[in-house]
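Participant: One structure follows; several queries about it will come next.
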Amino acid sequence: MASRCFKKSFENEERKEEYLLEAADFGERLRLRNVNHSKNLVNLADVYRLLRNYKRGIEMADAALQINPTDTTTQKLLDFMSERV
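Take a look at the structure:
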């Protein structure tokens, strides 16, 4: 998944925000094509967390939990971002 690759590559580069924005763009494009791809939604939530766009991250985490309500990792991510809004 391209957005995951961009998210990983930002860790080793100086242009972190640029890579994260590109990861978000690729993830959003995939979301438009496949709304119920829960792994993509979780990845998008994490990208938005890293960008400190907690409102959008919460929306993505909520959507992922609608698909897989027992995912504890997504719930922790949602709790983390909810504390910061």
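Residue numbers (our numbering): 8 to 92.
We put the beta carbon where it would ideally sit given N, CA and C, even for glycine.
1) Relative to the C-alpha of R38, which residue among Y26, Q73, L48 is closest?
2) Smallest Cα separation from S45: which of K83, R63, I74?
3) Could you please give the first and the last residue of the uninterrupted alpha helix (DSSP H) stretch that includes V42?
4) Check R91 in the structure and name its three-state DSSP category.
5) Taking G64 as the reference, which of D86, D78, T77, T79 has the closest Cα?
Facilitator: Once the coordinates are examined:
1) Ranking Y26, Q73, L48 by CA distance to the CA of R38 puts L48 first.
2) Selected option, being the one with the closest Cα: I74.
3) Segment: none, V42 is in no alpha helix (DSSP H) and carries neither H nor E.
4) In the three-state scheme derived from DSSP, where H, G and I count as helix and E and B as strand, R91 is classed as coil.
5) Here the closest residue by C-alpha is D86.
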